Every structure is written in C-alpha cells, then in structure tokens.
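Right, one structure below, let's go through it.
Residue numbers (our numbering), protein chains in the order written: chain A, 4 to 243; chain B, 144 to 368; chain C, 36 to 267.
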C-alpha cells in the first residue's frame, strides 16, 4: 500500500535534489512571512505572492476568497492596517502620556508556524503545505480600555509555485481558524458568547469554500485542511 | 565515479528520509486532531513490522498491531460536538540509521484539548507533551514503529500546571485508568513525568545521535537506562 | 540515468548545503532539549564552537557575554537553574525557521520563533508557572567539520505569570521578577550591553528583529546577531 510519504522512484538525481531544496526554500518563505507579518512589513508580505503565475487567491475562512495580488493585499494587509488604525486611536486616547506616534504601539502579532506537511509536485513546479500556527496576539480593545492579550490557533494551507525566475512563491493561501480567545477566558467560554468577526474594509470576491469551523460547543472537529498527498502536477491538486 | 554517485545517492536519500519523517509526523497530528485515528493507524503505523509498540503517557506499553489498535483506535474518545484536541510538532531532532532501514526522532508538542462534560459546558485545557519515536521502513515508506508520548502537563485553562499537579482536577481519570473500549496495555509505563512541584525533571526523551543499525541503539519504548 | 544526471561539482555543492541546513535543524533541536534539562555544560561542550574566535551569547535583557570561557562562567558555573531542581520546568520550542547557509559553506544564519513556558521554584511559595515566548537569532560556523553555535541571541517576546496576561505584567511587573537587566546573584557581569531586546510593552512597536537571514556569499557580507542592529 502506498502512503503519503513516498518519494517517486522515477525521478532523476537533479529532480530529487530540486524537491529537497524546494522544501527548505518553502520553510524559509513561510518563516519570513511570519516575521514580516509580526513586524508590519506589508510590502514584503505581498512580495511573497506569485508574480508570473495567474490565479493568486487568499481565503480567510470568516470572510471569503480574495483574488489576485490586490485581493491578497486586501485580505492580509487590510485587516492589519485597520487593526493598527483602531489600536493607535485607542492607545492615544487611553495613554496620552505615552505620546504614541506609531499606530502599532502595544500591538503584538506573533505567529509560530509548526507541524509542517509539505509535498512537492512530481514535476517540481508546485508544492502544497499545511501548518498549525500558534499565535499570541494583542491589540487595543475599546471595551476593555486597554490592549487585550489573547491566544489564537489557526491552520494555514498554502499552494506554492516555482516561478520562472527560480523563486518559490505563494499561489494560494487559505487560513482556517481553530480558536481565538482573550487571555482571561478559554475558547469554550469565548465561543459561548460568540461574536461576529470584525468587518473587513474590502469585501471578498467569492464566499468561503467551506463553512467556518472554529471551536464551538456544538461542532465536531473536521479534517480541514487536509494535509497533501503526493501529486504529479499543479492541475492535479484538489481544492485547497 | 560510480562510488561518488552511490555516496551522493545515499546522502540524498537520507535528506529525503528526514523530509518524509517530518511529513509523517505532521500527518499524524492532522489526522489525530480530526479524530481519524483509524485511518491514521492503517496508513502510518508499521502494522506488519515485528515489535510495533505504542506507549501513550500514563497508560503503559501496547505491543503488536491488534493491541495498539485496541488502544489508539478502539479507545479513542468518540467524535462528539464540543470535543477538540490538537497537538503541534516542533523542535525536531531526527537521525536516519546509516543502513537506511530505521530512524529515530524526538519532538516537543504544544497542544490543547477540550473535553465535553456530562454536566455543563466542555472544559478547555492546555496540554503539552513530547514524542520519542523509532521509525521503520515498511513497503518502501516510513512508518511509526515505537511511538512514545510523554506528558509534560495537562491543565485546565484557568489553573496552572503547578496547581493541577497538587490539586488534580476531580474529573481527570486516575493515572493509567483505561478509556471506554480500550484494550489493556501489554506492559507497564517505561517512563512518564508530568509536571509535579516535588519532582526534578529527568531529561527525556533523549534526542537521537547518529547510528549505523538499530542493533546499536535502544527503543523509545524500552525501559530507559 | 542520462548525461544530465551525473554528479557535478555544482550538484555536490547543493547537496552539501541542504545537508548543512538539516545539520543545523538537529543542532538547535539538541540544544533545546539540553537547555530544557538544565544541562548547560553539555550544551556548551556539544553544541557551541569551542575554538573559534568571537563566540558570544546575548540573553534577553542581560547583555552579551563574549568568549567561550565567559559564557561558561556565566551560563554553566552560575546556572541559576541546574539539572535536578525540584519543581523547575523550562521548555522553549523551535518553530518558524528561516535558515541560510553562506555560499562558501563556512557559516550559516538562522532565526526561530519560540513559544515556551517556564516554572521557577520560589522561596516560601509554590513554584510560579509562566508562559514565556521568545525568538532566537543564531550564527553558526563549521568547526572540525561539524556545525556549531557561534553567536546566540535570545530575544524576549513576553514572560508572564500563568494567571496574568502579558499586557498586565508589562504594566504591573510581578514582584518575583528581578529588575530589568539584573543578573542572578553571583553571575559574572556581561561584557557588553544589550544590543537589542523588545519584550512586550504598551509603547513598543514591533520591528523586524532578529531579521530573517537573506542568502549571502561569505561572512564579510553580513553581520552577527549579537552585533548592534543597523535598523531597529
């Protein structure tokens, strides 16, 4: 019986080396994504998306699918800018003595990428990976009158393409939340007083491909995202 | 030249093996988080290899395919609303035997677990552990051979592991108490050390060091020396 | 096998670099398990460069110890939490790696994000449990054919008691915390001040520290993670 972890035996040395190198470069790409996200390097975040391959999408489970590089910017950078704007506004009002000039003062978005499963296509032109992301997050909460610390766990599912300039870049990104909760209450307690996700500044191009499945006392866990199995070429991949 | 090529191929194979083992470990975590222990057992465990063992936390060692299945699949909690468990794989140290037939790895696993309760809402926990695992190649693919899960702490969200170690939550099963449907273990726990205020932590599991063949090393479900 | 598949020097170099990356994953992993076990002596002997000039260790808000002997004196001889301390539990994970090996294969650089937890025994009280997240910025070099830690910088993200979030503990510093920058009694003073550390505070704006490494050819093209950062 074949399993998910076999390397095809028909590949040449050069192809096999290319695949192992791809795994390393994909780790670096995702690692940089986390560091840029935490540091508010918005252009670098978008710079990791495919430049020469059509079909860039970002799907946020709460909001839907965003298309193209503009969509990626709207989905990923838009909420960060909006969070920073509200944070700065709140911080300046709550702590006039701090002389807050940067909207991101007191914000923290630390995402630790763990548990990778990465499959590089047999043809070496694309790859799919999934990660479990543990995050420590903080932003100003107007109801509390101070920044609020919280925990979040999300899954990332990502399709990568090896572009003509030799770089691996993100083609499709899907973020699937498991829970998000303020430090002082568990995800069970938070789910019991469920709140609508904050509105995005830009609406999505398509609705989400799967219903929101973060923690709820009424839901059973689902197998989503599905870690990738070996595959031949980008066209053979099932939806992310 | 041919020797250079053989050497190159062996080194390349080793890197592929490490990548495949990282993927195998990840696969385990996603399947387990979705409660698909049966599918996981079929796909990822070395069912046909002699000496398959599984040692989860404080339950003891389960030996052989039927017994491991009787623990990991038959003893798994039912998929009910409000249940959620998730364990991450981080901090890998992996060594492939020089003969390419076996491998050893350790991981640190941050995690969380939410258990439905008979009366009242489910209870959320932080649950951290470690893995010490021997792998074997079966049918050309890497599989779990000796799988040991070590408890670091399991504690309700509103109570630290220090408090839980001296004031055990009343709904926790007794250490070693079997779950419904679970096959009894084949032999007792070889090693487990959940946090306790009075205990000095022993370094375990030992990260693997390079080795040639499995005869030279020990199993993660052997009694540690 | 066709002609395109012979082992060329280029292919050999590529394979070597990928083996180097894997060796570095294992090296920092081993260090994490030794550190968690309080076996700082073994960490220094087995994971660090012992002969190379310029070995340095920068620990959070303490500053930099330069030279293997100084690190040994501070980190091993005066380890405040040696192996065998009841109630002690320290664990820092390695996630989110970005690793680059120099083109010349002699040095390497890596960064990690490290979720973790720490439980410290206290006098006249139960041990105190904390969530403790940080980051690592590490330079490596090859010594006698093995990759070793050359410069290790541990950055604080937050360290907060279990029942107090990091926003609150940044404002109301827990009574059992030492003063910022204060080393453990008896620990040798640092050789150099902190080059960069940014624990959570209300007015801190997160910057790109440690910067994830970019591809580089030789060490001369880059800077060490315990050098003062250029931008921050």
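Virtual Cβ for every residue (Gly too), placed ideally from N, Cα, C.
Since the model is a prediction, treat every value here as computed from it, not as a measurement.
With DSSP as the reference, identify every bridge partner of residue 167/C, one or two as the case may be. On the third chain, residue 167/C is found 132 positions in, with the first residue counted as 1. DSSP output for residue 167/C lists 194/C as bridge partner(s).
Rounded to whole angstroms, what's the CA-CA distance from residue 257/C to residue 143/C? Just pull it up for me. Locating residue 257/C in the third chain gives position 222, where the first residue counts as 1. Locating residue 143/C in the third chain gives position 108, where the first residue counts as 1. So the alpha carbons of these two residues sit roughly 10 Å apart.
With DSSP as the reference, please indicate the residues paired to residue 238/B in a beta bridge. Translated into the one-based positions of the second chain, residue 238/B becomes position 95. Note: residue 238/B is bridge-paired with 247/B in the DSSP secondary-structure output.
What did DSSP end up calling residue 217/B once you bin it into helix, strand or coil? Translated into positions along the second chain, residue 217/B becomes position 74. In the structure shown, residue 217/B sits in coil (DSSP, three-state: anything other than H, G, I, E or B).
In chain order, what residues of the same chain have a beta carbon less than 7 Å from the beta carbon of residue 355/B, not counting five sequence neighbours either side? Position 212 of the second chain, counted from the first residue, corresponds to residue 355/B. Within the same chain, residue 355/B has close Cβ partners 240, 241 and 242.
Leaving out five residues on either side along the sequence, give the residues of the same chain with a beta carbon under 7 Å from the beta carbon of residue 148/C. Here residue 148/C refers to the residue found at position 113 of the third chain. For residue 148/C, where only same-chain residues beyond five positions count, the Cβ hits under 7 Å are 130, 131 and 170.
Mind checking who residue 227/B pairs with in its DSSP beta bridge? In the second chain, the residue the question calls residue 227/B occupies position 84. In the DSSP output, where bridge partners are listed per residue, residue 227/B has 257/B.
Pick from 250/B, 158/B, 260/B and 284/B: whose alpha carbon is nearest that of residue 276/B? On the second chain, residue 276/B is found 133 positions in, with the first residue counted as 1. With distances taken between Cα atoms, residue 276/B lies closest to 250/B.
Whole-Å CB distance - residue 122/A paired with residue 233/A, under 8 Å assumed: Along the first chain, read from residue 1 onward, the residue named residue 122/A stands at position 119. Along the first chain, read from residue 1 onward, the residue named residue 233/A stands at position 230. Right, their Cβ atoms sit about 6 Å apart.
Am I right that residue 308/B and residue 352/B are in contact with their C-beta atoms under 8 Å? What's the rounded C-beta distance? Position 165 of the second chain holds residue 308/B. Position 209 of the second chain holds residue 352/B. That belief does not hold up - the Cβ atoms of residue 308/B and residue 352/B are roughly 32 Å apart, past 8 Å.
Given this structure, state the Cα-to-Cα distance separating residue 154/B from residue 19/A, to the nearest angstrom. For this step, residue 154/B is matched to residue 11 along the second chain. For this step, residue 19/A is matched to residue 16 along the first chain. When rounded, the distance between both Cα atoms is 12 Å.
With a threshold of 8 Å on Cβ separation, who are the neighbours of residue 56/A within its own chain once the five nearest residues in sequence on each side are excluded? Working through the first chain from its first residue, we reach residue 56/A at position 53. So the qualifying residues of the chain are 164, 166, 172 and 174.
Do we get a CB-CB distance below 8 Å when we pair residue 298/B with the residues of chain A? Along the second chain, read from residue 1 onward, the residue named residue 298/B stands at position 155. Output row for residue 298/B: interface = no.
Just to check my reading of the structure: residue 155/A and residue 186/A have Cβ atoms closer than 8 Å, yes? What is that Cβ distance to the nearest angstrom? Counted from its first residue, the first chain places residue 155/A at position 152. Counted from its first residue, the first chain places residue 186/A at position 183. That pair is no contact at about 11 Å.
Secondary structure at residue 289/B, three-state DSSP: helix, strand or coil? For the purposes of this step, residue 289/B is identified with residue 146 of the second chain, where counting begins at 1. The answer is strand: DSSP assigns residue 289/B an E or B state.
Closer than 8 Å is the cut-off here; do at least three beta carbon pairs connect the segment 169-189 of chain B with the segment 212-224 of chain B? As far as the Cβ criterion goes, the segment 169-189 of chain B touches the segment 212-224 of chain B, which means the pair count is three or higher.
Round the Cβ separation of residue 114/A and residue 40/A to the nearest angstrom and send it over; I've been treating them as touching at under 8 Å. As a working note, residue 114/A is residue 111 in the first chain. As a working note, residue 40/A is residue 37 in the first chain. By a beta-carbon distance limit of 8 Å, residue 114/A contacts residue 40/A. Their separation comes to about 6 Å.
Residue range of the alpha helix (DSSP H) that residue 38/A falls in? For the purposes of this step, residue 38/A is identified with residue 35 of the first chain, where counting begins at 1. Taken as a continuous stretch (DSSP letters only), the alpha helix (DSSP H) holding residue 38/A covers 16-42.
First and last residue of the beta strand (DSSP E) that includes residue 160/A? Stepping through the first chain from its first residue, residue 160/A is reached at position 157. It spans 149-165 - the beta strand (DSSP E) in which residue 160/A sits, taken as one unbroken run.
Along chain A, which residues have their Cβ under 8 Å away from the Cβ of residue 245/B? Here residue 245/B corresponds to residue number 102 of the second chain, with the count starting at 1. Within chain A, no residue comes near residue 245/B; the closest Cβ sits about 15 Å away, beyond 8 Å.
Bridge partners - residue 154/C, DSSP secondary structure assignment: Start at 1 with the first residue of the third chain, and residue 154/C comes out as number 119. 124/C and 164/C.
In this structure, does DSSP put residue 121/A in helix, strand or coil? Walking along the first chain from the start, residue 121/A turns up at place 118. In the structure shown, residue 121/A sits in a strand (DSSP, three-state: E or B).
Would residue 82/A count as contacting chain B if we go by Cβ distances under 8 Å? For the purposes of this step, residue 82/A is identified with residue 79 of the first chain, where counting begins at 1. Residue 82/A does not count as touching chain B.
Should residue 285/B be flagged as near chain C, meaning a C-beta pair shorter than 8 Å? Working through the second chain from its first residue, we reach residue 285/B at position 142. Under the 8 Å criterion on CB atoms, residue 285/B is classed as non-interfacial with respect to chain C.
With distances taken between CB atoms, is the gap from residue 183/B to residue 171/B smaller than 8 Å? As a first step, residue 183/B must be located in the second chain, where it is residue number 40. As a first step, residue 171/B must be located in the second chain, where it is residue number 28. Closer than 8 Å, so yes.
Evaluate residue 330/B with the Cβ neighbour count: other Cβ atoms within 10 Å of its Cβ, from every protein chain shown; 16 or more gives buried, anything less gives exposed. Working through the second chain from its first residue, we reach residue 330/B at position 187. Under this definition residue 330/B is an exposed residue.
DSSP state of residue 94/C mapped onto helix, strand, coil: For this step, residue 94/C is matched to residue 59 along the third chain. Note: residue 94/C maps to strand in three-state DSSP.
Note down the Cα distance separating residue 4/A from residue 319/B, rounded to an integer number of angstroms. Sequence index remark: in the first chain, residue 4/A carries index 1 (1-based). Sequence index remark: in the second chain, residue 319/B carries index 176 (1-based). With a pLDDT of only 35 at residue 4/A, under 50, the local geometry of the prediction cannot be trusted, and the value read off the model is given with reservation. One C-alpha to the other measures close to 34 Å.
Beta-carbon separation of residue 123/C and residue 158/C under 8 Å? Sequence index remark: in the third chain, residue 123/C carries index 88 (1-based). Sequence index remark: in the third chain, residue 158/C carries index 123 (1-based). Cβ distance not < 8 Å, so residue 123/C and residue 158/C don't count as in contact.
Scan the segment 207-232 of chain B for residues whose Cβ lies nearer than 7 Å to a Cβ of chain A and list them as they occur along the chain. Only those residues of the segment 207-232 of chain B whose C-beta falls short of 7 Å from the nearest C-beta of chain A are listed: 222, 223, 224, 225, 226, 227, 229, 231 and 232.
Give me, in chain order, the residues of the same chain whose beta-carbon lies closer than 6 Å to that of residue 245/B; leave out the 5 immediate sequence neighbours on both sides. As a position in the second chain, residue 245/B is number 102, starting the count at 1. Cβ neighbours of residue 245/B beyond the five flanking positions: 279 and 357.
Cα separation between residue 263/C and residue 95/C? Position 228 of the third chain, counted from the start, is the residue given in the question as residue 263/C. Position 60 of the third chain, counted from the start, is the residue given in the question as residue 95/C. For the pair residue 263/C and residue 95/C, the Cα-to-Cα distance works out to about 14 Å.
Of all the options 109/A, 181/A and 179/A, which has the alpha carbon lying nearest to the alpha carbon of residue 42/A? The residue given as residue 42/A occupies position 39 in the first chain. The residue among 109/A, 181/A and 179/A with its C-alpha nearest the C-alpha of residue 42/A is 109/A.
Helix, strand or coil, according to DSSP, for residue 78/C in the structure here? Along the third chain, read from residue 1 onward, the residue named residue 78/C stands at position 43. Reduced to three states, the DSSP call for residue 78/C is helix.
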